[in-house]
Amino acid sequence: MLSCPLFKDYLCKDDFKTSKGGAHCFPELRVGVFEEIVPMGISPSKISYKMPGIHLSPGEFHEEVEKFLSRANEEQSDTILLDCRNFMKGRFQGCLAPDIRKFSYFPSYVDKNLELFREKRVLMYCTGGIRCERGSAYLKAKGVCKEVFQLKGGIHKYLEEFPDGFYKGKLFVFDERYALSYNSAIVSECSYCGAQWDQYKLCSTHQCRQLVLTCPACQRPRAFQPVCLSQCQDKDSRGSPGVSPRGNSPQYIQLPVSADAIEDGPLLK
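The sequence shown begins at 1300 in the numbering used here and counts up by one.
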């Protein structure tokens, strides 16, 4: 991709994340124009990625987490290890994990818990570092934290260096693979029976399409039609119209066949 004239001037060259995956997981390439890569519900002009927390390398973050866990039994810790992702994912040991379904709920969570963060050193992390760029900026803008740090490159880069480190469970990814495994720890359970299970399926209700954990024993009597909530089961039985599982559709740009078709000037802003 870096050799393609479309991308070479716009892609970050030092923070690519690689992992194994079959072609069926990536059926097409589309370039979308977004105001926000991960919508936070606040205009980027008000909370910008240009005002993030202090970036820590995976090695530096590992050392900070190690120190944090060594003081876990202290009554008053000056550090919070904060996960700013959605609820359906693996975790760092000892983290504070907001029970949110979308990143746009993160500002509300922060606003309701400002006293929790007051005068604290906050260590933030997310999948690949993108959410933290604006999540840390929002937290900093509140002016209550002593310091705000974030894991550069996210969990993905951390696991490349520390596959058996302090992160437990699978790493959720945003394609048809759903999750990548770096260690054998199972930190989640079946939504129906509570048995340990960590393989996701989409909720079969078209209005929802959230990810749900359903073990094989609970899949069989439901004919492989898992639902995440009883409300979803009721809606599905009524056959209501569905929505896209990925949220609002972006404005897509069709890639030109050759470099000769590229006009002067930037393609994306």
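We put the beta carbon where it would ideally sit given N, CA and C, even for glycine.
Taking I1454 as reference, the option from Y1424, I1336 and S1376 with the minimal CA-CA separation is Y1424. For V1421, the three-state secondary structure derived from DSSP is strand. Under the DSSP definition of a beta bridge, I1454 lacks any partner. When Cβ pairs closer than 8 angstroms are counted between the two stretches, the stretch 1428 to 1443 is seen to touch the stretch 1346 to 1364, the count reaching three or more.
The beta carbons of E1446 and V1421 sit closer together than 9 angstroms. In the displayed model, Y1408 falls within a helix according to three-state DSSP. The Cβ-Cβ distance between F1405 and C1383 falls below 9 angstroms.
Going by beta carbons, Q1495 and S1487 fall inside the 9 angstroms limit. Short of 7 angstroms from the beta carbon of K1419, and not among the five residues preceding or following it, lie these beta carbons of its own chain, in chain order: D1377, T1378, I1379, C1444 and K1445.
The beta carbons of K1366 and A1436 sit no closer together than 9 angstroms.
Contact check for K1469 and R1390: beta-carbon distance about 11 angstroms, past the 8 angstroms limit, so the pair fails to qualify. The C-alpha of L1368 lies about 10 angstroms from the C-alpha of E1362. If you look at V1332, you'll find it in the beta strand (DSSP E) that goes V1330 to V1332. Here the C-alpha atom of G1434 lies approximately 20 angstroms from the C-alpha atom of G1393. Sequence-distant Cβ neighbours of F1448 in its own chain, meaning closer than 6 angstroms and more than five residues away, are G1352, I1353, L1355 and L1422.
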